[in-house]
Amino acid sequence: MWILFAFGSALFAGLTAILAKCGVRRTDSTVATAIRTIVVLVFSWLMVFLTGAESGLGAAGGRTLLFLVLSGLATGASWLCYFRALQLGDVNKVTPVDKSSTVLTVLLAFVLLREPVGVYKALGVLCVWAGTYLMIEKKAEREAGEEHGLWLPWAMGSAVFASLTAILGKVGVSGVDSNLGTAIRTGVVLVMAWVMVFVTGKGADLKTVPRGELGFICLSGLATGASWLCYYRALQDGPASVVVPIDKLSILVTVAFSGLVLHERLGRRAALGLALLTGGTLMMLRS
Numbered sequence: 558m559w560i561l562f563a564f565g566s567a568l569f570a571g572l573t574a575i576l577a578k579c580g581v582r583r584t585d586s587t588v589a590t591a592i593r594t595i596v597v598l599v600f601s602w603l604m605v606f607l608t609g610a611e612s613g614l615g616a617a618g619g620r621t622l623l624f625l626v627l628s629g630l631a632t633g634a635s636w637l638c639y640f641r642a643l644q645l646g647d648v649n650k651v652t653p654v655d656k657s658s659t660v661l662t663v664l665l666a667f668v669l670l671r672e673p674v675g676v677y678k679a680l681g682v683l684c685v686w687a688g689t690y691l692m693i694e695k696k697a698e699r700e701a702g703e704e705h706g707l708w709l710p711w712a713m714g715s716a717v718f719a720s721l722t723a724i725l726g727k728v729g730v731s732g733v734d735s736n737l738g739t740a741i742r743t744g745v746v747l748v749m750a751w752v753m754v755f756v757t758g759k760g761a762d763l764k765t766v767p768r769g770e771l772g773f774i775c776l777s778g779l780a781t782g783a784s785w786l787c788y789y790r791a792l793q794d795g796p797a798s799v800v801v802p803i804d805k806l807s808i809l810v811t812v813a814f815s816g817l818v819l820h821e822r823l824g825r826r827a828a829l830g831l832a833l834l835t836g837g838t839l840m841m842l843r844s
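When we follow my numbering, the leftmost residue of the sequence shown carries the number 558, and every step to the right adds one.
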């Protein structure tokens, strides 16, 4: 059953990227992150009470809460980086770099969680890395100007923190219901996001968020909430080194919708990269 939740996570995560891109065209990325986290928090706690998982709150141990908090902090950092990257670059370039967190997650799962790395998984990691490299079209970046290339460090930061999120989250949800764990860590993300809004002096920007973009930001929050609930349910029962690659297949959804909605097109090099990335992900599932 966990594999179905993993694919559900991929579907909703793919929709999240497109909705988020539509919501940060004029809205500051940090402000957008803070707003959408409110939606995710409400959605998460609603699911907690619908499933009766709130009864497990008092039974959660200190170690479980610690790792959920750390996972929330890593998630908040990943979101801030990801939204900033989306604001500066094309979805078809930002998303592959973010999804390259698969490589680091597999390595961390091997070192910290003692999850095995077989031949297929190793080959899959290499394909994912090669595919990500090909999807970042350097020639196109040069033609777009130096400033446009600033998205890359933010996307790389998003990938690193996303990897830490998966590992910390795997440990955290091992001692608590996955819905409750998602709600707890979302609360941490919410605090972190709003602290960043006011620390950076962007509180005044809340009044200038366009109504249309606000709608997309809220919808991206709902998609994220659904993705998280599926993701952490899958992590609770399945190995992180398999759940994470399935989740990263969301890039197929993202690329499809970016073409339909944002009219972004893949070149031959990027298309080959997407094929390698997808093939490598599927190969990792055979191990």
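Cβ atoms here follow ideal geometry from the backbone N, Cα and C, with glycine treated the same way.
The alpha helix (DSSP H) runs of length 4 or more contained entirely in the stretch 736–820 are, from start to end of the chain, 768–794, 797–804 and 807–818. By the neighbour-count criterion, in which 16 or more other beta carbons inside 10 Å mark a residue as buried, residue 764 falls on the exposed side.
Around the C-beta of residue 608, fewer than 16 other C-beta atoms lie within 10 Å, and the residue is accordingly described as exposed. Residue 840 sits buried, since 16 or more C-beta atoms from the chains shown fall within 10 Å of its C-beta.
Cβ atoms of residue 837 and residue 684 come within 8 angstroms of each other, at about 3 angstroms.
The beta-carbon separation of residue 760 and residue 593, rounded to 16 angstroms, does not stay under the 8 angstroms limit for a contact.
Its chain contains 787, 788, 791, 795, 799, 800, 803 and 804 as the residues whose beta carbon lies nearer than 8 angstroms to that of residue 563, once the 5 sequence neighbours on both sides are disregarded; these appear in chain order.
If you ignore the 5 residues before and after residue 827, its C-beta comes within less than 7 angstroms of the C-beta of 649, 691, 692 and 694, all in its own chain and listed in chain order. In the three-state reduction of the DSSP assignment, residue 651 falls in the helix class, which pools H, G and I.
CA-to-CA, the gap between residue 721 and residue 739 works out to about 15 angstroms. Take residue 775, set aside five residues on each side of it, and the residues of its chain with a beta-carbon closer than 6 angstroms to its own are 596, in chain order.
DSSP, read as helix, strand or coil, puts residue 615 in coil. Here residue 733 carries a coil assignment [DSSP, helix/strand/coil].
Rounded to the nearest angstrom, the gap between the Cα atoms of residue 623 and residue 820 is 43 angstroms.
Spatial neighbours of residue 829 in its own chain (CB-CB distance under 7 angstroms, excluding positions within 5 residues in sequence) are listed in chain order as 691. Taking the Cα positions, residue 688 is about 25 angstroms away from residue 637. Apart from the 5 residues on each side of it in sequence, residue 605 sits with its Cβ closer than 7 angstroms to the Cβ of 611, 736, 737 and 740 in its chain, given in chain order.
The stretch 651–666 makes no contact with the stretch 751–760; the number of CB pairs closer than 8 angstroms stays below 3.
When the five nearest sequence neighbours on each side are left out, the beta carbons in the same chain lying within less than 8 angstroms of the beta carbon of residue 680 are those of 837 and 840, in order along the chain. For the pair residue 842 and residue 808, the CB atoms are not nearer than the 8 angstroms cut-off. Spatial neighbours of residue 773 in its own chain (CB-CB distance under 8 angstroms, excluding positions within 5 residues in sequence) are listed in chain order as 576, 577, 579 and 580. Counting the other Cβ atoms within 10 Å of the Cβ of residue 651 gives 16 or more, which makes it buried. Taking residue 647 as the centre and dropping the five residues before and after it, the same chain places the C-beta of 821 closer than 7 angstroms to its C-beta, in chain order. With respect to the 8 angstroms criterion, residue 567 and residue 810 are classified as neighbours on the basis of their beta carbons. Taking every protein chain shown into account, the CB of residue 558 has fewer than 16 other CB atoms within 10 angstroms, so this residue is exposed.
DSSP, reduced to helix, strand and coil, places residue 582 outside both helices and strands of the structure shown, so it counts as coil. Note on geometry: alpha-carbon atoms of residue 747 and residue 588 lie some 11 angstroms from one another.
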